[in-house]
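Reminder that position 38 of the sequence shown reads as 733 in our numbering, one-by-one numbering, no gaps.
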Amino acid sequence: MTTTRSGQITRVHDHVTWCVFGVLQGVEHEDLYEADLRLIGSNDDQTGDVSGFAPPGDIDRGHNTSDATAISLHIYGNDVTRIGSSVRRYYD
Numbered sequence: 696m697t698t699t700r701s702g703q704i705t706r707v708h709d710h711v712t713w714c715v716f717g718v719l720q721g722v723e724h725e726d727l728y729e730a731d732l733r734l735i736g737s738n739d740d741q742t743g744d745v746s747g748f749a750p751p752g753d754i755d756r757g758h759n760t761s762d763a764t765a766i767s768l769h770i771y772g773n774d775v776t777r778i779g780s781s782v783r784r785y786y787d
């Protein structure tokens, strides 16, 4: 489970494995990037929305655009508690 405060934004990053996530509360805005870090799209995932990604093609940045704390459930294809993080690398 992930909680994100209103206005909180992540660094641009990619992932070590696939992920499926569902938004339980709030809005999670996601910017999607090509390998050259060119912005190629964005999504506003609302409460009840389910989305996912898999490497390659999983460079993104998340941003809570709602006035409330956003809560989402993330399911990864690897034990991220064992490897320490779902992030492979940051791009800043």
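Glycine included, C-beta positions come from ideal geometry on N, C-alpha and C. The structure presented is a predicted model; accordingly, all values stated were derived computationally and were not measured.
Classification of residue i by the beta-carbon crowding that lies within 10 angstroms, buried from 16 upward
{"i": "VAL722", "result": "buried"}
{"i": "ASN759", "result": "buried"}
{"i": "SER728", "result": "In the sequence as presented, Ser is not what sits at residue 728; that position holds Tyr. By the neighbour-count rule (16 or more Cβ atoms within 10 Å), TYR728 is buried."}
{"i": "ALA763", "result": "exposed"}
{"i": "ILE754", "result": "buried"}
{"i": "ASP739", "result": "exposed"}
Coil, strand or helix - residue i by DSSP
{"i": "THR699", "result": "strand"}
{"i": "ARG706", "result": "coil"}
{"i": "ARG777", "result": "helix"}
Pair within 8 Å by beta-carbon distance, residue i and residue j
{"i": "GLY736", "j": "VAL718", "result": "no"}
{"i": "HIS710", "j": "SER781", "result": "yes"}
{"i": "TYR771", "j": "CYS714", "result": "yes"}
{"i": "ARG756", "j": "ASP726", "result": "yes"}
C-alpha distance - residue i paired with residue j, whole-angstrom precision
{"i": "ILE704", "j": "GLY752", "result": "20 Å"}
{"i": "HIS769", "j": "GLY702", "result": "20 Å"}
{"i": "ASP787", "j": "PHE716", "result": "24 Å"}
{"i": "ARG777", "j": "ARG783", "result": "14 Å"}
{"i": "GLU712", "j": "ARG700", "result": "According to the sequence provided, residue 712 is Thr. The question's Glu does not apply to it. Going from the Cα of THR712 to the Cα of ARG700 covers about 25 Å."}
Contact set for residue i: own chain, Cβ-Cβ below 7 Å, skip 5 residues either direction
{"i": "MET696", "result": "ILE766, LEU768"}
Other residues of its chain near residue i: CB distance less than 6 Å, five sequence neighbours each side excluded
{"i": "THR698", "result": "THR764, ILE766"}
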